[in-house]
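J.: What follows is a structure written as structure tokens; I'll ask about it next.
2 protein chains.
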Amino acid sequence: MPEKVLIYSRFPKAMMVRIGQRYDLMDAAGQPPSEKFTLDQLAAVRAMITAGGTPLGVAMMDQMPALQAIVCYGTGYDGVDLAAAASRKIAVGNSPGANSSSVADLAMTLMLAVTRRLLPADAYVRSGSWSSAKPSPLMKPQPGNPGRRIGVYGMGAIGRKIAARAAAFDMDVAYYSRSRHDVPWRYVSTLEALVDWCSVLMIAVRAGADTHHAIDAEMLRKLGPDGYVVNISRGSVIDQQALIAALADNTIAGAALDVYEKEPHAPDALTAFPNVVLTPHIGGHTVESHLAMQDCVIANLDAFFAGKPLPYPVS
Amino acid sequence: MPEKVLIYSRFPKAMMVRIGQRYDLMDAAGQPPSEKFTLDQLAAVRAMITAGGTPLGVAMMDQMPALQAIVCYGTGYDGVDLAAAASRKIAVGNSPGANSSSVADLAMTLMLAVTRRLLPADAYVRSGSWSSAKPSPLMKPQPGNPGRRIGVYGMGAIGRKIAARAAAFDMDVAYYSRSRHDVPWRYVSTLEALVDWCSVLMIAVRAGADTHHAIDAEMLRKLGPDGYVVNISRGSVIDQQALIAALADNTIAGAALDVYEKEPHAPDALTAFPNVVLTPHIGGHTVESHLAMQDCVIANLDAFFAGKPLPYPVS
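Each protein sequence line maps, in turn, to chains A and B.
The numbers in the first sequence follow the numbering used here, run straight up by one, and end at 315.
The numbers in the second sequence follow the numbering used here, run straight up by one, and end at 630.
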């Protein structure tokens, strides 16, 4: 008899095929588990899989008194109430670094696309405006990458890969992080100074209470009218209303986002801008990245059910 | 009295402002010069500016018996009948390397966007399909960059910059060129073998009679159903009808094009595909690249009118 594992967030079915070959999955598909399963069923659950960004607090844990393992699919775990889990002796695991190339590559894709106006350019060709020589204010030449100042906020596995890729484009790379790292990039000791200095701000910081709305209206003013912000971390790091206002009055030049304050939802005020690129939280969404994340999830679950410590614990 | 210079191709006015401060520009704006100017006016023209891809042959040269300098704005000069120019002792100049970073960066932008399905992803968010959880076959996870085989066709200034950038994405880089270069990438001795090997084909070769339709139906079959082709060189290098057929029957996975067989014109059959990214020949279209190209054009014109050899001659 395979062990039962609750799936808490909504995941595409294809992502769970390999895990489903080893475990008996109870898929709540992003709905309140108590609506899909009986209290007795939930009371028996010892392990669950969640997307790290999905809120998972005391109320949910209280419905599952036997819960001993929360396994996050992905690197993030900001939705999990770690204190509540610790007090219940629930182990929390994630998939560290498994998707860092995939996320860093999407960050670069977004940066290049928004600064080069790729979407308006493609639309200009497809609409026939190019062949009919229609003028297009959006097609004005933009500054290029060599010498452009890119500020990386956060220097974990993803931030390092972003920095290395940006350097290959001859960009001038600096970073801010709580502490200095052993990396060849310039360290800036405050986020304000980084934002003041750079013209592309890359948000690659781990989300948490201390980073909530770290990029607010004042920071966006510092970024300035030639500045772009790219976010592949978590929507909570940017004050989204302030971002929309900054885009509306040209306080900044543009934005490229893979994450939003409320997912899956990008407000209409955001989707109306031509100078933004918006992707549906697909940072870790490559074939290899999913396989690597599934490897971590399976390793965490296998160890847990064998009575061993999680090989990929959240520290 | 500033010297008169004919502008032969259609250029945005902003691109000619600096040159117009030094020379008296006769702007044919891409139309036959004889329709805009009298035969006497044309007979007096000693120098002209053209986009290298615009056809410029014997008939045009015959209308300008005093012509002694053809100055290409950009690196290309494939439209210029070099033999006819040589026989008339007309010097031909270009802007070598001035836009190589800009073009290489667009090549990477196109490659990342098409392989990561950036346009369908943005459309998925903007249309509201994401928030309403609509299934989207286009949003299936795609292979990522690490280990992906990228074949660079042509190893000039642009090819080298593409290779260096691709290596920073942990891609496996190889190239084909008429001769081996002193570069750290694997050399493949035939174009067929390169196309067979790679899953992303980057066309960065200088266009000419020998590269015309080098990528034909057979090559696209070799590229295969997981393969992408990116072209930032010249439209003539790809058999565009064969490409459209290969996209229509999934012989290849996708294409990203900045250049077309007939510009400014991307056929409807091409613009209808969701798995292509199309830009309006903006490879060299950044602020710094235009300044650098204008510097070359001005240096070539200044030298010519001072009776000196062109500093940036086409060799």
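C-beta atoms are modelled at their ideal positions from N, C-alpha and C, and glycine is treated no differently.
Would you grab the beta carbon distance between residue 407 of chain B and residue 382 of chain B for me? Rounded to a whole angstrom, and I think it's under 8 Å.
T.: Not confirmed; about 11 Å, so no contact.
J.: Tell me the rounded alpha-carbon separation between residue 490 of chain B and residue 446 of chain B.
T.: Straight-line Cα distance between these residues: approximately 43 Å.
J.: Residue 474 of chain B: which of B:327, B:457 and B:520 sits nearest, CA to CA?
T.: B:520
J.: Taking a Cβ distance cut-off of 8 Å, strictly less, list which residues of the region 478 to 493 of chain B are near chain A, in chain order.
T.: 479, 480, 482, 483, 484 and 485
J.: Ignoring anything shorter than 3 residues or poking outside the region 45 to 129 of chain A, list the beta strand (DSSP E) runs there in chain order.
T.: 47 to 50, 69 to 72 and 91 to 93
J.: Do residue 151 of chain A and residue 118 of chain A have their CB atoms nearer than 7 Å?
T.: no
J.: For the region 73 to 106 of chain A, list every residue whose C-beta sits within 8 Å of some C-beta in chain B, in sequence order.
T.: 101, 102, 105 and 106
J.: On the CB-based measure, 16 or more other CB atoms within 10 Å of its CB, does residue 144 of chain A come out buried or exposed?
T.: Residue 144 of chain A counts as buried, since no fewer than 16 other beta carbons sit within 10 angstroms of its beta carbon.
J.: To the nearest angstrom, how far is it from the Cα of residue 10 of chain A to the Cα of residue 3 of chain A?
T.: 20 Å
J.: Spatial neighbours of residue 146 of chain A within its chain, please: CB distance less than 8 Å, with the 5 preceding and 5 following residues excluded, ordered by chain position.
T.: 169, 170 and 171
J.: Where does the unbroken beta strand (DSSP E) through residue 310 of chain A begin, and where does it stop?
T.: Neither: residue 310 of chain A is in no beta strand (DSSP E) and is coded neither H nor E.
J.: Below 8 Å on C-beta distance, what does residue 315 of chain A contact in chain B?
T.: Those do not exist, as residue 315 of chain A stays about 25 Å from chain B at its closest Cβ, beyond 8 Å.
J.: Nearest-angstrom Cα distance between residue 101 of chain A and residue 161 of chain A?
T.: 7 Å
J.: Considering only DSSP beta bridges, list what residue 602 of chain B is partnered with.
T.: Paired residues: none, contrary to the question.
J.: For residue 163 of chain A and residue 440 of chain B, what's the separation of their Cα atoms in angstroms?
T.: Distance from the CA atom of residue 163 of chain A to the CA atom of residue 440 of chain B, rounded to whole angstroms, is 27 Å.
J.: Look up residue 322 of chain B in the DSSP assignment and say whether it is helix, strand or coil.
T.: strand
J.: Can you find the residues in the same chain that come closer than 6 Å, C-beta to C-beta, to residue 259 of chain A, ignoring five residues on each side of it along the sequence?
T.: 231, 234, 235 and 281
J.: If residue 557 of chain B and residue 535 of chain B are in contact, beta carbons under 8 Å, what's the gap, nearest whole angstrom?
T.: 6 Å
J.: Determine the DSSP secondary structure at residue 256 of chain A, reduced to helix, strand or coil.
T.: strand
J.: I'd like to check one pair, residue 394 of chain B with residue 410 of chain B: are the Cβ atoms closer than 7 Å?
T.: No Cβ-Cβ contact shorter than 7 Å links residue 410 of chain B with residue 394 of chain B.
J.: Looking only at its own chain, which residues have a Cβ that is under 7 Å from the Cβ of residue 618 of chain B, when we skip the five neighbours before and after it?
T.: 624, 625 and 626
J.: Which residue from B:340, B:468 and B:525 puts its Cα closest to that of residue 507 of chain B?
T.: B:468
J.: Measuring only the C-alpha atoms, how far is residue 632 of chain B from residue 522 of chain B?
T.: No answer is possible for residue 632 of chain B: it lies beyond the span of chain B, which begins at 316 and ends at 630.
J.: Using a cut-off of 7 Å between C-beta atoms, extract the partners of residue 199 of chain A located in chain B.
T.: Around residue 199 of chain A, no beta-carbon contact reaches into chain B at under 7 Å, the shortest distance being about 12 Å.
J.: Can you name the residues of chain B whose CB is closer than 7 Å to the CB of residue 122 of chain A?
T.: 434, 592, 593 and 594
J.: So residue 202 of chain A is in the beta strand (DSSP E); what residue range does that whole segment cover?
T.: Run containing residue 202 of chain A: 200 to 203, per the beta strand (DSSP E) assignment.
J.: Step through the CB atoms of chain A and report whether any lies within less than 7 Å of the CB of residue 427 of chain B.
T.: yes
J.: Report the residue ranges of all beta strand (DSSP E) runs contained in full by the region 203 to 287 of chain A; include only those spanning at least 3 residues, in chain order.
T.: 228 to 231, 254 to 257 and 276 to 278
J.: Ordered along the chain, which non-local residues of its own chain (more than five positions away) have a Cβ less than 7 Å from that of residue 138 of chain A?
T.: 117, 120 and 274
J.: Using the C-alpha atoms, what's the distance from residue 362 of chain B back to residue 384 of chain B?
T.: 5 Å
J.: Which residues in chain B have a C-beta closer than 8 Å to the C-beta of residue 144 of chain A? List them in chain order.
T.: The answer, in chain order, is 416, 417, 420, 601, 602, 603 and 604.
J.: Could you tell me whether the region 36 to 44 of chain A touches the region 278 to 298 of chain A, where touching means 3 or more Cβ pairs closer than 8 Å?
T.: no
J.: Consider the Cβ of residue 582 of chain B: report whether some Cβ of chain A lies at a distance smaller than 7 Å.
T.: No Cβ of chain A is located within less than 7 Å of the beta carbon of residue 582 of chain B.
J.: Return the Cβ separation of residue 514 of chain B and residue 463 of chain B in integer angstroms, given the expectation that the two are a contact with Cβ distance under 8 Å.
T.: Indeed, because the Cβ distance is near 6 Å, the residues count as touching under 8 Å.
J.: Expressed to the nearest angstrom, what Euclidean distance is found between the alpha-carbon atoms of residue 338 of chain B and residue 616 of chain B?
T.: 9 Å
J.: How is residue 160 of chain A classed by DSSP in three states: helix, strand or coil?
T.: Three-state result, residue 160 of chain A: helix.
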